[in-house]
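According to this note's numbering, numbering within the sequence shown proceeds without interruption in unit steps and concludes at 348. Heads up, the beta-carbon is just placed ideally off N, CA and C, and yes, glycines get one too.
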Amino acid sequence: MYDLMIIGGGPAGLTAAIYASRAHLNTVIFEPEMDGGQMSLTMSLENFPGALAEDTGMDIGMRMAKQAASFGAATIRERVVSVESAGETKIVKTESGSYEGKYVLLATGSKPNRLGVPGEDKFVSRGISYCATCDGAFYQDGDVYVIGGGNSAVEEALYLANLGAKVTIVHRRDSFRAERFLAEKALAHENISVMWNTELKEVLGDAMADGLALYNNKTDETFTVKKGDRPMGIFIYVGVKPQTEFLEGLLELNRGYVKVDENQMSAVDGIYAAGDIVDKNFRQVINACGEGCVAAMAVAKRIVQYD
42 MYDLMIIGGG
52 PAGLTAAIYA
62 SRAHLNTVIF
72 EPEMDGGQMS
82 LTMSLENFPG
92 ALAEDTGMDI
102 GMRMAKQAAS
112 FGAATIRERV
122 VSVESAGETK
132 IVKTESGSYE
142 GKYVLLATGS
152 KPNRLGVPGE
162 DKFVSRGISY
172 CATCDGAFYQ
182 DGDVYVIGGG
192 NSAVEEALYL
202 ANLGAKVTIV
212 HRRDSFRAER
222 FLAEKALAHE
232 NISVMWNTEL
242 KEVLGDAMAD
252 GLALYNNKTD
262 ETFTVKKGDR
272 PMGIFIYVGV
282 KPQTEFLEGL
292 LELNRGYVKV
302 DENQMSAVDG
312 IYAAGDIVDK
322 NFRQVINACG
332 EGCVAAMAVA
342 KRIVQYD
């Protein structure tokens, strides 16, 4: 019987594991993939307190996992398929087993939707990014291509342009889907231009992305854009998907996101959530860590009080 079962080994889950195991809670993390979650795909976390220029997201994720393990947190490399609440007992089922505990923290995060074009998977973190706040500083003097036309794409294009990058928004339609005030702001920005009716077909390059194969769906023209003397960055914004499919029937979700209270607890007593699956405005490593801390401390307080 675990005290706290954490589903997800990203920054929220690992922070919770550090706090919970350090408080002598019998803690387990379910993480089938790489420690650190989406953070591990980031070249550098320059905006994360204490991170040095040479620290990659993978480095920080591995250190967080090692820190949690040093306090006694266990890790099970299995994918969770469902969570059940049976009164004071919570049941976590994986693809190969079933585990019981007193409390559960959901920290599976969200993943950016991918276009599925050739070269996309190859050049993630090698020219392709899904987070301007994370990686924009690397391209502040570069040529940046933002793929998409919704709120996220236009907001991130404005962020990158304000850093000093020359930004080209590549959008498959002839008008933005973003809110009007955002669209007007982008169109008026001196560092932003737009390729309308244009689709990304392939990301080109060898070790790093250095070109784009594009298609104009109005003129039926295919053409290539190649890297010049400045750094080249490709930021893809075609939506994100919270990893909450396995919670169907357990929680009422808002567009796939979990609503929580001030202690990070969901509508089901004893089930908490932290990180990118939480219904909120901003999704950064720093606030994911904070939410993981709050959830773990809330659970620790309950266990001490009840035991």
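query: What's the call for valine 122, buried or exposed, on a 16-neighbour Cβ count within 10 Å?; result: exposed
query: Can you give me the start and stop residues for the alpha helix (DSSP H) that threonine 174 sits inside?; result: 173-176
query: Who pairs with lysine 107 in a beta bridge, going by DSSP?; result: In the DSSP output, where bridge partners are listed per residue, lysine 107 has none listed.
query: Are glycine 142 and methionine 46 touching if we call contact CB-CB under 7 Å?; result: yes
query: Leaving out the 5 sequence neighbours to the left and right, which residues in its chain are closer than 8 Å to glutamate 119 when beta-carbon positions are compared?; result: Phe71, Pro73, Thr135, Glu136, Ser137, Gly138
query: Determine the contact status of proline 214 and glycine 189, defining contact as a CB-CB distance below 7 Å.; result: As written in the sequence, residue 214 is arginine, which differs from the proline given in the question. No. Outside cutoff.
query: I'd like to know whether the C-beta atoms of phenylalanine 217 and alanine 206 end up nearer to each other than 7 Å.; result: no
query: For tyrosine 43, which beta-bridge partners are listed by DSSP?; result: Gly142
query: Using 8 Å as the Cβ pair cut-off and three pairs as the minimum, do the region 90-100 and the region 249-267 touch?; result: no
query: Using 7 Å as the threshold, is the C-beta distance between alanine 202 and isoleucine 233 below it?; result: yes
query: Answer with buried or exposed for serine 62, where buried requires no fewer than 16 other C-beta atoms within 10 angstroms of its C-beta.; result: buried
query: Starting from the Cα of lysine 282, find the closest Cα among Gln181, Arg296, Pro272 and give me that residue.; result: Arg296
query: Let's test the definition: count the other Cβ atoms within 10 Å of the Cβ of serine 151 and tell me whether it reaches 16, buried, or not, exposed.; result: buried
query: What residue from Arg271, Tyr278, Val340, Lys342 has the CA that sits closest to glycine 183's CA?; result: Arg271
query: So tyrosine 200 is in the beta strand (DSSP E); what residue range does that whole segment cover?; result: Where tyrosine 200 is concerned, there is no enclosing beta strand (DSSP E), although the alpha helix (DSSP H) it sits in stretches over 192-204.
query: Under the three-state reduction of DSSP, which class applies to threonine 149: helix, strand or coil?; result: coil
query: Grab me the residues of tyrosine 200's own chain with a C-beta within less than 8 Å of its C-beta, minus the 5 sequence neighbours each way, in chain order.; result: Ala173, Thr174, Gly177
query: Are the Cβ atoms of glutamate 243 and alanine 254 separated by less than 7 Å?; result: yes
query: Rounded to the nearest angstrom, how far is the Cβ of serine 126 from that of valine 309, given a contact under 8 Å?; result: 5 Å
query: CA-CA distance, isoleucine 210 and glutamate 286?; result: 31 Å
query: Judging by CA-CA distance, which residue of Leu245, Tyr298, Gln284 is the nearest neighbour of glycine 50?; result: Gln284
query: Would DSSP call methionine 75 helix, strand or coil?; result: coil
query: So glycine 246 packs on glycine 160, CB below 8 Å; how close in whole Å?; result: 7 Å
query: State the DSSP-derived secondary structure class of valine 211, mapped to helix, strand or coil.; result: strand
query: Where does proline 52 sit, in a helix, a strand or coil, going by DSSP?; result: helix
query: Just tell me which of Gln181, His212, Asn67, Met80 has its CA closest to the CA of tyrosine 278.; result: His212
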